[in-house]
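Report on the structure given below.
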Ligand SMILES: Nc1ncnc2c1ncn2[C@@H]1O[C@H](COP(=O)(O)OP(=O)(O)OP(=O)(O)O)[C@@H](O)[C@H]1O
Ligand code: SF4
Ligand SMILES: [Mg+2]
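Numbering (this note's numbering), first residue to last: 55 to 392.
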């Protein structure tokens with residue numbers, strides 16, 4: 055396998071600081087969907103870094119703001135406030151014209167592969183398109199598209215087929231090949247396996263993990279399932295109702311979760327060992343997540359939290375710096391301290 059064209063484009067740059075820095079990132083939609091017609095604070099002062107070549111998992115229940123966060127980072131959405139800094143440059147409010155050169159470097163993989171691929175185009179055209187935009191000749195772009203198909207485990211001879219001739223898992227491989235075509239340095243994958251059959255989810259997750267290791271792109275991997283994220287991430291951030299409630303290295307968060315919400319999510323993940331599975335405590339949350347159009351006061355998790363006390367109803371816990379001797383951050387007045 056060759057990956058010459060899939061490594062970083064352009065001249066070498068100084069390698070210092072995180073590749074991606076998100077600070078106080080906020081998105082307020084003017085009109086709500088479904089349960090509310092008022093403004094919706096879908097993402098509320100979210101902050102994290104992603105180092106070069108690192109994978110950060112972003113997890114949380116449906117509607118907590120994961121996709122909105124991802125879409126602001128790739129600038130499909132313009133943040134209401136806060137900043138997205140990519141490779142030292144604030145890209146939060148760049149115009150579409152200013153963003154154009156960065157589109158090669160920051161790519162997105164979407165949840166539903168079939169609806170994100172143009173059904174009337176061949177795979178050759180889908181994958182080659184960003185290369186043609188880069189100024190490659192048609193022959194070069196086609197050759198590279200065939201190489202990329204091989205890289206993601208597709209048969210290059212199928213290059214002239216259309217997306218509907220592929221299964222969901224294969225179509226997602228096409229989406230991944232397209233994202234890799236320009237040699238991105240950052241990939242935001244928004245639930246890349248949740249629309250796929252369980253039997254192929256692991257294959258695609260493993261493929262993304264392998265590609266990330268071989269090509270060293272930084273990776274924001276969004277999922278609602280903690281067990282999926284665990285396979286690929288170095289660090290994990292847990293979101294609840296638009297905010298990050300816990301973030302830290304994978305081993306620390308998975309082995310000793312400190313936020314009651316993280317603990318409840320993890321308690322629902324089946325353990326491979328049946329003895330441990332039978333013995334472990336399950337934390338059942340009360341009710342559904344509240345609407346981001348009318349978040350509860352204080353800690354937004356308090357109506358569902360088994361540990362909530364009076365202060366939780368009035369004071370919002372902030373995601374402060376890690377406690378002394380600790381590596382992860384937790385937004386909770388009473389974190390577990392295992
Ligand atoms: N364009 C929009 N206009 C109004 N509200 C929106 C818009 N997009 C998202 N929302 C709302 O913002 C909140 C966060 O949505 P988002 O899609 O980011 O969540 P998510 O965590 O990705 O959920 P899922 O797991 O279901 O994909 C939800 O309440 C959603 O209804
Ligand atoms: S701040 Fe209180 S309500 Fe919120 S998670 Fe911590 S203990 Fe629960
Ligand atoms: Mg989403």
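The beta-carbon is built from N, C-alpha and C at its ideal position, and this holds for glycine as well.
Next on the checklist: Nearest by alpha-carbon distance to residue 334: which of 320, 386, 345 is it?
Outcome noted: It is 320.
Item to check | Spatial neighbours of residue 293 in its chain, beta-carbon cut-off 8 Å, leaving aside the 5 residues before and after | outcome: For residue 293, the CB contacts under 8 Å within the same chain, skipping 5 residues up- and downstream, are 100, 112, 113, 114, 118, 119, 120, 123, 299 in chain order.
Item to check | Residue from 386, 379, 348, 267 whose Cα sits closest to the Cα of residue 366 | outcome: With distances taken between Cα atoms, residue 366 lies closest to 386.
Item to check | Coarse secondary structure for residue 196, derived from DSSP in three states | outcome: Residue 196 falls in the helix class under three-state DSSP.
Item to check | Test item, CB below 5 Å from any non-hydrogen atom of ligand 2 | outcome: Put simply, the residues with a CB less than 5 Å from any heavy atom of ligand 2 are 314, 353, 355, 356, 359, 361, 362, 366, 371, 386, 387, 388, in chain order.
Next on the checklist: Tell me the DSSP secondary structure of residue 382 in three-state form.
Outcome noted: DSSP places residue 382 in the coil class of the three-state scheme, outside both helix and strand.
Next on the checklist: Suppose you measure from the CA of residue 380 to the CA of residue 289; what does that come to, to the nearest Å?
Outcome noted: Approximately 14 Å, taken between the alpha carbons.
Checklist entry - Under 8 Å from any heavy atom of ligand 1, does the C-beta of residue 316 make it? => result No, since every heavy atom of ligand 1 falls outside the 8 Å radius drawn around the Cβ of residue 316.
Next on the checklist: Can you determine whether any heavy atom of ligand 3 sits closer than 8 Å to the C-beta of residue 120, and answer yes or no?
Outcome noted: Yes, since a heavy atom of ligand 3 falls inside the 8 Å radius drawn around the Cβ of residue 120.
Checklist entry - Distance, Cα to Cα, residue 228 vs residue 351? => result If I take the Cα positions, the gap works out to 44 Å.
Item to check | CB-CB length for residue 127 against residue 74, believed under 8 Å | outcome: Their Cβ separation, rounded to whole angstroms, is 7 Å, which keeps residue 127 and residue 74 in contact under 8 Å.
Checklist entry - Is any heavy atom in ligand 3 found nearer than 8 Å to the beta carbon of residue 245? => result Yes, the beta carbon of residue 245 sits closer than 8 Å to at least one heavy atom of ligand 3.
Checklist entry - Nearest-angstrom Cα distance between residue 163 and residue 315? => result Approximately 27 Å between the Cα atoms of the pair.
Checklist entry - If you draw a straight line from the alpha carbon of residue 253 to that of residue 372, how long is it in whole angstroms? => result Roughly 39 Å separates the two Cα atoms.
Checklist entry - Contact check, residue 207 vs residue 168 under 8 Å by CB: the rounded distance? => result Not a contact, Cβ separation roughly 18 Å.
Checklist entry - With residue 136 and residue 79 assumed to form a contact (beta carbons below 8 Å), what rounded beta-carbon distance in angstroms separates them? => result At roughly 4 Å, the Cβ-Cβ gap stays under 8 Å, so residue 136 and residue 79 are in contact.
Checklist entry - Do you know offhand how far residue 231's Cα is from residue 199's? => result Answer to the nearest angstrom: the Cα atoms are 8 Å apart.
Checklist entry - Between residue 339 and residue 317, what straight-line distance do the alpha-carbon atoms span, to the nearest angstrom? => result Distance between the alpha carbons of residue 339 and residue 317 is about 10 Å.
Checklist entry - Exposed or buried, what is residue 130 when buried is set at 16 or more other beta-carbons lying within 10 Å of its beta-carbon? => result The residue in question, residue 130, is exposed, as its Cβ has fewer than 16 Cβ neighbours within 10 Å.
Item to check | Presumed contact (8 Å Cβ cut-off) between residue 344 and residue 295, rounded CB distance | outcome: Right, their Cβ atoms sit about 6 Å apart.
Checklist entry - Once you ignore the five residues that flank residue 359 on each side, which residues in its own chain have a CB closer than 6 Å to its CB? => result Closer than 6 Å at the Cβ level, and outside the excluded window around residue 359, lie 314.
Checklist entry - By how many angstroms is the C-alpha of residue 220 removed from the C-alpha of residue 66? => result In this prediction, residue 66 has a pLDDT of 49, which is less than 50 and means its spatial position is unreliable; nothing more can be read from the coordinates.
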